[in-house]
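Counting from 1, one number per residue, gives the positions in the sequence shown under my numbering. The structure appears below as structure tokens.
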Amino acid sequence: MNLLGNLVNLRAIEKKDALFLLELVNSPEMEYWVVGSSVPTSSIQQEKWMENIANSHTDIRLVVENKEGTVVGFANLVQIDPINRTAVHGVKFAKEFRGCGYAKDTVMAIMRYAFDTLNLNRLESTILEYNDSSIGLYTKACGWSIEGVKKSAVYKNGKYNNLVMIGITKDDFKQFSL
Ligand SMILES: CC(C)(COP(=O)(O)OP(=O)(O)OC[C@H]1O[C@@H](n2cnc3c(N)ncnc32)[C@H](O)[C@@H]1OP(=O)(O)O)[C@@H](O)C(=O)NCCC(=O)NCCS
1 MNLLGNLVNL RAIEKKDALF LLELVNSPEM EYWVVGSSVP TSSIQQEKWM ENIANSHTDI
61 RLVVENKEGT VVGFANLVQI DPINRTAVHG VKFAKEFRGC GYAKDTVMAI MRYAFDTLNL
121 NRLESTILEY NDSSIGLYTK ACGWSIEGVK KSAVYKNGKY NNLVMIGITK DDFKQFSL
């Protein structure tokens, strides 16, 4: 089942998305903003990765399309824990498609799916402390809370950076959506 927002649709990854995703993972600009660190990825590695990422009830990876059908970003809901009803969520948008409201619409669609369809009770993520747009997106625009800061947790760009832990419960989401 695809996820429908007002500005975007989220669907399973297809072969035709390989180049878009490869460019995201190899982009030094993207690497600056995201928490993990990636090695240069070849199209061969990318194909293998794509062969192994069938969506399941524990890991869901989606591409985000605008209503014109252009792929603009990537979103996931992974490490879905069936006992505690939690999952980890993240998004990435190509530079030319930022600042259009697509990210907010995507996070809201993911939350509706996670809480109202998958019956999860809590979502969480981590953000580099200097990533103001991501912190603003989740806390101001989507109702998430900052739950803590891990000091000097991520070595990136030549220094140790603080890592902000964020989360939202189903109850918070319902309150925020009123
Ligand atoms: C973080 C990211 C997803 C935000 O996407 P975006 O396209 O700017 O988001 P939207 O246009 O949907 O904006 C939604 C809200 O985000 C917040 N926001 C966006 N940029 C902001 C900034 N520089 N400072 C503070 N808040 C900001 C605002 O609340 C905004 O709502 P508003 O326009 O009504 O004020 C995007 O910049 C991105 O893909 N960055 C690279 C990857 C990344 O950082 N991923 C997250 C890793 S944790």
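C-beta atoms are modelled at their ideal positions from N, C-alpha and C, and glycine is treated no differently. Keep in mind that this is a model prediction, so the values were computed, not measured.
Three-state class that DSSP yields for residue i in the structure shown
i: residue 59; result: coil
i: residue 138; result: helix
i: residue 64; result: strand
i: residue 35; result: coil
i: residue 43; result: helix
i: residue 118; result: coil
i: residue 98; result: coil
i: residue 27; result: coil
i: residue 7; result: coil
i: residue 155; result: strand
i: residue 165; result: strand
i: residue 123; result: strand
i: residue 110; result: helix
Contacts around residue i, its chain only, beta-carbon distance under 8 Å, and the 5 residues preceding and following it disregarded
i: residue 170; result: 115, 120, 121 and 122
i: residue 5; result: 105, 106, 108 and 109
i: residue 173; result: 111, 115 and 143
i: residue 146; result: 135, 139, 164, 165 and 166
Beta-carbon proximity list for residue i, same chain, < 7 Å, skipping 5 on both sides
i: residue 12; result: 55 and 62
i: residue 97; result: 72 and 73
i: residue 89; result: 76, 77, 110, 123 and 125
i: residue 148; result: 165
i: residue 92; result: 24, 30, 34, 73 and 74
Start-to-end residues for the alpha helix (DSSP H) that takes in residue i
i: residue 170; result: 170–177
Residue range of the unbroken beta strand (DSSP E) whose run includes residue i
i: residue 54; result: Taken as a continuous stretch (DSSP letters only), residue 54 belongs to no beta strand (DSSP E), as it is neither H nor E.
i: residue 70; result: Segment: none, residue 70 is in no beta strand (DSSP E) and carries neither H nor E.
i: residue 205; result: An answer regarding residue 205 cannot be provided, because it is not within the stretch 1 to 178 covered by the chain.
CB contact check: residue i to chain B, cutoff 8 Å
i: residue 139; result: In summary, chain B is missing from the structure at hand, where a single protein chain is found.
Supposed contact pair residue j and residue i - C-beta distance, whole angstroms, cut 8 Å
i: residue 40; j: residue 52; result: In fact, because the Cβ distance is near 19 Å, the residues do not count as touching under 8 Å.
i: residue 80; j: residue 59; result: 7 Å
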